[in-house]
Amino acid sequence: MNGGLSCDGDSVALTAATQPSIEEILLGGLPGLPEVAMHWPLLDFQCGPDQGPDNVIEWWHRADRGELEPFILAVEGSVPDESIKSDGYWTGFGNNPDTGQPMTANKWLDRLAPKAWAVLAVGTCAAYGGIHAMAGNPTGAMGVPDYLGWGWKSKAGIPIVCVPGCPVQPDNLSRDHPVHALPRRRPRARDRTRRRTSPQVVVRGDGARGL
Ligand code: SF4
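Read in order, the letters of the sequence shown are residues 324 to 534 in the numbering used here.
Structure (structure tokens):
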């Protein structure tokens, strides 16, 4: 979710990760990693949050309805205090279909954090509040652990995974992402074949390779 008090810098940084890359995580390039789908406005570029053929925000509503299991909630940007103003909202990420009004980052955290397998706070803003959390900022911005509580744990018993940085160092994020802690799957046939054959590769004296 990059709809909090975020500049999208961490989303952009993640596209530069190489150890591993986002492509390796999403396309099955890491043996044993379960299939992963990412519902991320930066990649779902064919549609806005609330329109288009593949409505990205609908995945968020599915998670809220318990139709997406397990999922990891990744938050970029700090969380405002929506209670310290009399009107309007500080953030919006899609609309509430019941009211047609914007869903705030706070509302998504309230709804999805208790259902998430893990919660990831990406970047200094999400981890600690960042520059927005300095004294005098009217939003009352804070980090995800400030909002949920520093002792908060997911339903899988996992504390909030904070990966700070402004923006986050991309390989720190792709390496420390809780996706790597998901229950491992059995290697697919292609992986098993690769594992069986690779030890049998020999290098002949003339430099040619054979099985
Ligand atoms: S931590 Fe830095 S890059 Fe990330 S949302 Fe905040 S200001 Fe932007």
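Glycine is no exception: its CB is placed at the ideal position from the N, C-alpha and C atoms.
Model, not experiment: these values are computed from the prediction.
Reduced DSSP category for residue i - H, G, I as helix; E, B as strand; rest coil
| i | result |
| --- | --- |
| R527 | Its pLDDT being 28, under 50, R527 is placed unreliably by the model, and the measurement read from it follows with that caveat. In this structure, R527 counts as coil in the three-state DSSP scheme. |
| G453 | helix |
| P420 | coil |
| P364 | coil |
| V484 | strand |
| P393 | coil |
| P425 | strand |
| V491 | strand |
| S521 | Residue placement at S521 is flagged as unreliable, the pLDDT there being 33, under the threshold of 50; the coordinate-derived value follows with that caveat. Helix, per DSSP. |
Paired residues, beta bridge with residue i - DSSP
| i | result |
| --- | --- |
| E399 | V445 |
| K535 | An answer regarding residue 535 cannot be provided, because it is not within the stretch 324 to 534 covered by the chain. |
| L328 | S401 |
Cutoff 6 Å; reference residue i; Cβ partners in own chain excluding five residues on either side
| i | result |
| --- | --- |
| A464 | L328, S401, P403, G452, H455, A456 |
| G393 | With the sequence shown as reference, residue 393 is identified as Pro, and Gly is not the correct amino acid for it. Hits under 6 Å: W440. |
| G332 | P490 |
| A340 | P493, D494, S497 |
| A479 | W440 |
Counted within 10 angstroms of its Cβ, other Cβ atoms place residue i as buried (16 or more) or exposed
| i | result |
| --- | --- |
| N325 | buried |
| V335 | exposed |
| A436 | buried |
| E390 | exposed |
| T462 | buried |
| A397 | buried |
| A458 | exposed |
Cβ neighbours of residue i in the same chain (closer than 7 Å, five flanking residues each side left out)
| i | result |
| --- | --- |
| Q492 | none |
| P425 | Y412, G415, N418 |
| K476 | P482 |
| T447 | G453, P487, G488, C489 |
| E405 | Y412, W413, T427, N429 |
| R508 | G355, P357 |
Spatial neighbours of residue i in its chain, beta-carbon cut-off 8 Å, leaving aside the 5 residues before and after
| i | result |
| --- | --- |
| H362 | V379, W382, W383 |
| L502 | In the sequence as displayed, the identity of residue 502 is Val instead of Leu. If we look at V502 and ignore the five residues flanking it on each side, its Cβ neighbours are I348, L356, V359, I395. |
| Y470 | V402, N429, L432 |
| Q342 | D494, S497, R498 |
| T338 | I345, L365, P493 |
| G528 | Here the model assigns G528 a pLDDT of 30, short of 50, so the residue's position is not dependable, and the following value carries that caveat. Nothing meets the Cβ criterion. |
| L350 | none |
| P420 | H384 |
| R434 | D387 |
Integer Cβ distance of residue i from residue j, believed to fall under 8 Å
| i | j | result |
| --- | --- | --- |
| I483 | A444 | 6 Å |
| G472 | A449 | Going by Cβ atoms, the distance from G472 to A449 rounds to 15 Å, so no, they are not a contact pair. |
| P468 | C485 | 7 Å |
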